[in-house]
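Mapping the sequence shown onto our numbering, position 349 (from 1) lands on 400, and the numbers just tick up by one.
Built from N, CA and C at the ideal position, the CB exists for glycine as well.
Keep in mind the model is a prediction, meaning the values are calculated, not measured.
Worksheet: one structure, shown below.
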Amino acid sequence: MDHYHILEPIGEGSFGKVYKGRRKSTGQLVAMKFIVKRGKTCISMLRQEIAILQDLNHANIILLLDWFETNTEICVVTEMAQGELYQVLEDDKRLPEPIIKRIAIELVAALQYLHSHRVIHRDMKPQNILIGAGGSVKLCDFGFARSLSTHSICMTSIKGTPLYMAPELVQEKPYDHTVDLWSLGVILYELFVGHPPFYTKSIYTLIHRIVKDPVPYPDDMSKRFKSFISGLLHKEPSKRLSWPQLLRHPFIRETDDERKTREKISTPRDRLCNSQFLFQPALLNEREETVPDKTPTNKTRSPSPDLQNKSGKQKSLLAISSSRPWDYGGTIRDVDAARALRTNPEFQHDLLAALKTSPSFSVWETLLSVLGACTSTSSPSEPDRLLCSSIVSPVLVCLSTSSGSDRAIILQNVDGLCNVLCDVDYSSSFLADFATYFIPAVPLFLTTQNDCPVVLAITWKCLRKFAAAPCHTENDSFAKSICNPSFISSILALLPTAAMGNTALCILSDLIAPTSGMCLAFPLGGEQTSAIQVEEVSQALRTFSSAICNWANAVGESLANSVNQSNGMSDLCTLLLESHRPELLIAILRIIREVCKRSPSARNLLLKNQPAIFRLKALVRSGTPHGLVSALALLVIKEASLIPTFLKPDLQSFVTSATPAMSVAAIVTLSSVNDKDYPVMSIITSKPFLQHISSMADNQHLTMFKGENLSGSPSMSMSNIPPNKWELACRELFGTGYGVIDTAYFDSCIDLLRYGVASRPGTFAPALRTCGLWQRLSEGLHIQHVWNWLSPNGVVNLVELLYAAVADEPSRDVPVYMNLSVVSGVICLLHEFRLQKLAVWPEQSGGGRKAVASLIQSVVRLLNIPLCNPDIDSVTLARVQKAMYNQHAIQHLINAISFSTNHSQESLLSLLAKLVCSSKHFARQFVDYNGLQMFAKVTFFTDSNAPTAALADVLTLLCQLARTDMSNYQHIHQSHIYPVLVIFLKHDNADIRVKACNLIGNLCRFSPFFYKHFQENGILPPLIDCCGDHDPQVRKYAAFAIGNAVFHNDELCQSLSPCIPQLINALSYSASTSGIDRRITINAAGAIGNLARFSDKVVGDLLSAGAVETLLGCIGNISADAIVRRTCMYSLANLCSFDGCRSRLQRLPYETILSDVVGQLTDSDEPLKFARRITSKMQSGLA
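Next up, the structure:
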C-alpha cells in the first residue's frame, strides 16, 4: 500500500470499491480494485482471476500490474482504462457498423489469445469490456474465467450473465470455448441494434428464447455483418463459427498492413516491475490464505539486496531460505505459542523451505507441536487447513525416503495432518498426494511393528475421507492405489495379530462396504434442487462414477483373491468364533459375505468349517440386541447357500421383524430362494407379509415435502432429507457404494411381488389392491426422490410389476388398476431431468443408456394397455387420455426419443402415433412440443434396417397432422422431412411406400404450400416411379398424391408429365377388376383431369398418350363402375377446354356415348353436369 497514492473513487459494487491511484515511484495512473474477503469461495475466485491474469499480456486484455493483501481486503492493481463499453452503449444507444467492426476485430484478437492459452472467459458482456487509450477495447473481470488443462474438452458449471449466455450454458450442458464466441455475437448485435437479441424480464422466458427462438436480424444490417453474427449465434455449438475459420471471415479479415498498423498502435506492455509480481510461496500454492505480516501495515514484499546474485537475477525464495538455520527450536510446549506459529507467514515460508531440503529432527518436532495446536480446538480453522494442505506433499515426500526414528516422527506428523485435512467439511484433494507417496509404501511401513498402529490409523482416516466424497475426480489415483493387491494383502495379514487386528478389520470392512460418507440417490433431489448442485454431482458422475464401480468391484475381487491365496478364511472364521463385540462382528461378517459372494472356493472353505457355520446360525437366531449382527449373519448364510436346509420355520418371522436390518436382510434372502426349495409363495401371500411390505412402501416421510420449494432452505433440500429407518438399515447392510448405490431397501420387495403376480395371475394383484399396497406403489412413482427407496433397477422392475398385474386382469378391471395415480406416476418417470441423470448413473449400478431405454420401454408398454385393448370402455379410455394429456405425456415421450435405442424408439413412436391420431388435442401438443423435430433426433429413419412398424407409425402420425389442420404445414416443412421422405418413397417395403404417397397427397390437400418444396427437394422423381410400382396399393396412393399435387395450380404439371403414360394405363378398367384396381382407376382418372385443370402445359403429352380416347372409352364402358365413369367425365370436361382435345374428340362418337351414359347413370346429377360441360365446350370451341 505504501507504493501508491489513492486519488479518488471511480466505481463500487457488491465486491468492494475501485479507486483511481498513482504509483509513487513512476507517477503512473492505475486502477485499484479493493475486494472484501468474504470466505474462502470469494478468495478462491480472486486468486483464480489473479492466477489467470498474471499469465496474460495482450493489448486487448486489461493488464495486471500488481496486487497485495490487507487483513480484510485483497487489492488488485491494473492499468487505468478510459471508460466502459457499457457506458458508451448507454449514451449512444447504437453504434455505426464500421465502429462495431473495429471493436469486433479487437475482441476477436483478445479471444483468440485467451483460447490459445486454454482460458475461457465465461462472462463476456459490455460491462466487462473497457475502453483504453486510443479507443482500443480491453477485456477485464476474469472472476468467472476457467483455465483448461491440455486434456480438457468441455465443462458444465454455470457462470456468467444470462443475457449473454449460450444455449448450452442455460441448459446446463457441457460446453467449451465457443460459449465466449456466442457472447461476442450477442454483444456485437447489441451494439448495432441497441439491445440483446433475446431480452425479457422473466428468466424462464429468457432461457426459453435463447434455446428455442431464432435471432431476429434488422433489415439495415449488412450481409457480411449478418453472416458474421449468425455464424456466432448458431444454437448448435459444433456449427458455431470458430477458430481458425473465424479469422478468415470477410467482416473482420484484415490486410497485413491493417493488422501491423493496429498491432503497432497497441502492443503488449511490461508490468511495473518484476519484483512487484513476486508471489509469496503460500500464494503460489493457491490453497493457502495469506496472513498479515507482523508489521502494522501489510506491504507488498520488495526484494532485498540479499535476493540478488552476482548476475543481477533473483534467486528462488526457497533456495535462499533453505540455507537459513531453523530458529524455532524443537518441541513447543506452549500451546498458544504453537498456535501463533500456524498463522505466521515467515514460519510458513521457512517451513516450506526446510521441507524441500533435508529437515532436521527439530523441524519435525516443531511441526508436530503446531499440528497439535491445530487440532486442540473442536474443529480446525481455515488457516489450519491451508497450512496443512500446503505442506502435505513435501511431508509425504520426506516420509517416502525416511527410515528408523525419522520415519516414526514423520508418521506422527502425517497423522496430525490427517486429523486436520480429514475434517468432514474440507476438500479431499490432498488424497492424491497420499495415493502417490503413502499408500504404495504401506506394505513396507507395516513390516516395522512399532509403525503399524499409526500407519493403520492414517490409512483408515484417509479411506473414510475418500468414502465421504469419492466422486471428486482428483481422488481417482487414491482409488486405484488402495485397490492394489499388495496393499490389501498387507492389511489382511494383520488380522491374526492382537494389537492391530481390530483396526485392520475396520479398514477392510470400510474398504468393501463403507457405511458413512456420500450416498447419492436418484434423481439427485428432483426438480426442486439447485441446478448448480445437481450439475456438480451429475458432472462428477459423468467423469468418475463408472470408475468407482469398476474400482469397487476390483477391490472385492482383490480381497477375495488375497483370502484365497493366504490363510485368510481360516483367520476370519477364527475371529468370528472368538469375537463378541458387535462392532467387530459387523466388520467380520461384512468381509466374509463379500468374499463368499465373489469366490466359490472361499465359500467352500466356510462350509467346511462347521464351528463357524454353527456360530452363524446362533447369531441369526439369537436376536442380538444389535440387530445388524443377526442380519449380516443371515446374509452370509444366504451367500453360503444354506437357506434351503436352514431356517425354514424362522424366515417368515424374520421378514416381518421389528428390526429394520433383519427385515431387509430376510426379504433379500427370500427373494433369492427358489420356490421348489422353500415355500416362498406361502409367505408372500400371507396377510402379515403384505401388511409389512405396505408399511415399508409408506413414503410419508418423503411426501410431506412434496410441492414445497426447498431450494431456498439450506438446511432442508430434497438431497438431504433424513433417511428413514429402512434406508439406514440398507446402508448399514450393503454400504454406501462409495456414493453410487446399486441396491435400495425396497428392491427385493418388488422382486417378490413380481414373482407373486407371475405365479398367481389374476389372484395376487387383487390382494395387493386390497391391502392398499397398490395405491402406495403408484404414489411412490410421484415422489421426486423416488430412487431413495428403489434403485434404478428397482424402478424398472416396479413398472414391470404394474404392467404384469394390469395385463393379467380382465378388461373390466383395468380401470381399477390403471388409475390416475398410476398413469401420471409412470409419466413422471419420463421427465427429462430423470432420464438425463439415469443416463450418467453407472451401468454397473443399473444406470446408463441401456437402463434409460429399458425404463422407457417399460413405461410405454404399461401406457399402451388401455389404448390397445379393444374391450376397454370409452369412459375409461377417455379418463386415461385426459390424465396423459394433463401430465403432458406427449412432451415427455418426445423428449424420451433422444434417450432411446432403436427398439424402444419403435414402441415410443407407436404410442405417439396412437395418441396423435386419437385426438386433436394430442396433435396440437405434439406440434407445440416440437415433436416434428424427431427427424433430427431419430437416426434410424435413414437406416436401411430400421423397423418397418416404426416408420409406418411416423407416416401415420404425419398424415394425421397433414389432413386435420393446414396450420401444421409450416411445422412439417421446418422438420427437415424431405430427405427422409425420399427414402420412404424408395423403401423396400411396399407399406412404407404406400404411406409415403398417402402423406404427399395429404400435404397437398388444402393448399399448394409444398409444391415448390417438393420440386426443390427431389420428391417428384420417386413419386413418379411409384405410379408404375408393382404393388397396386402403391400405385393407388401415388395416383392420389399426383392428383392433389396438380389440384391447386399447374406449378408441377410439367415436372409430373412423365407419369402420364402410367396414369393412362391405369384406366384400362374392366368389370372383372378387383376393388383395388377400381380405386387406382378413379385416382388416375382424377389426376389426368387435374393435369389439364389450369393450363395446356401437358395437353400435348396427354394427347400423345391417348388420354382423350381412353377417357371416352371408359365413359362408354357400360360394365364399368359408376364412379369411375363419372370421374372420367370430369377429366374429359377439363380436357375439352383446349383446341387439340376438342379436335381429337370431334373425330370420335362422343355425342352418342354421352347420350347413352346420361340415361344410364342415375346415382346423382354430377354425370349430367359433366356431360353438359363437355357438350358446351365442344360447341363453343367449334363455333
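Residue closest to residue i, alpha-carbon to alpha-carbon, out of the options
i: proline 812; options: Asp859, Asn1134, Leu852 and Ile1075; result: Asp859
i: threonine 1132; options: Leu1103, Leu1162 and Ser722; result: Leu1162
i: proline 921; options: Pro861, Gly245 and Val911; result: Pro861
i: leucine 959; options: Cys968, Val967, Ile948 and Ser969; result: Ile948
i: alanine 1089; options: Arg1130, Ile101 and Gln984; result: Arg1130
i: isoleucine 792; options: Cys822, Phe705, Val850 and Ile563; result: Ile563
i: cysteine 1110; options: Ile1075, Ser1119 and Asp1101; result: Ile1075
i: glutamate 397; options: Leu438, Thr408 and Val614; result: Leu438
i: proline 633; options: Leu670, Val244 and Leu232; result: Leu670
i: glycine 552; options: Ser528, Glu629, Val443 and Val646; result: Glu629
i: phenylalanine 412; options: Gly423, Ser456 and Asp387; result: Ser456
i: aspartate 1042; options: Val1033, Thr999 and Asn1019; result: Thr999
i: leucine 1205; options: Ile1166, Arg1193 and Ala929; result: Ile1166
Where residue i falls: helix, strand or coil (DSSP)
i: alanine 82; result: strand
i: lysine 71; result: strand
i: proline 267; result: coil
i: tryptophan 777; result: helix
i: glutamate 120; result: strand
i: cysteine 449; result: helix
i: leucine 497; result: coil
i: valine 87; result: strand
i: valine 170; result: strand
i: tyrosine 796; result: coil
i: glutamate 7; result: Shown here, the chain extends from 52 to 1234; a query on residue 7 therefore has no answer.
i: histidine 56; result: strand
i: leucine 545; result: coil
i: threonine 351; result: No answer about threonine 351 holds up, because its pLDDT of 34 lies below 50 and its placement is not dependable.
i: valine 687; result: helix
i: threonine 129; result: strand
i: isoleucine 112; result: strand
i: tyrosine 164; result: helix
i: valine 791; result: strand
i: tyrosine 379; result: coil
i: phenylalanine 1189; result: coil
DSSP bridge partner residues for residue i (one or two, in chain order)
i: glutamate 1067; result: DSSP output for glutamate 1067 lists no bridge partner at all.
i: glycine 134; result: Ile182
i: lysine 189; result: Leu181
i: valine 471; result: Beta-bridge pairing links valine 471 to no other residue.
i: glycine 62; result: Val69
Whole-angstrom C-beta distance between residue j and residue i, which should lie under 8 Å
i: glycine 876; j: histidine 833; result: 5 Å
i: alanine 1158; j: asparagine 1185; result: Contact doesn't hold; Cβ gap of about 10 Å is too wide.
i: isoleucine 303; j: valine 493; result: The pair is not a contact, with the Cβ atoms about 59 Å apart (cut-off 8 Å).
i: leucine 824; j: isoleucine 744; result: 6 Å
i: arginine 805; j: asparagine 775; result: About 23 Å; that fails the 8 Å criterion.
i: alanine 663; j: alanine 682; result: Their Cβ separation, rounded to whole angstroms, is 18 Å, which puts alanine 663 and alanine 682 out of contact at 8 Å.
C-beta atoms of residue i and residue j nearer than 8 Å
i: leucine 741; j: alanine 716; result: no
i: leucine 556; j: aspartate 502; result: no
i: arginine 515; j: valine 471; result: no
i: proline 431; j: leucine 403; result: no
i: isoleucine 460; j: threonine 417; result: no
i: glutamine 932; j: serine 969; result: yes
i: valine 1005; j: arginine 1044; result: no
i: glutamate 894; j: lysine 888; result: no
i: isoleucine 180; j: valine 188; result: yes
i: leucine 232; j: serine 281; result: no
i: serine 722; j: leucine 803; result: yes
Beta carbon proximity, residue i to chain C, threshold 8 Å
i: isoleucine 1111; result: You won't find chain C in this structure, because it holds only one protein chain.
Any non-hydrogen atom of the ligand MN within 7 Å of residue i CB
i: arginine 805; result: The ligand MN is not part of this structure, which contains no ligands at all.
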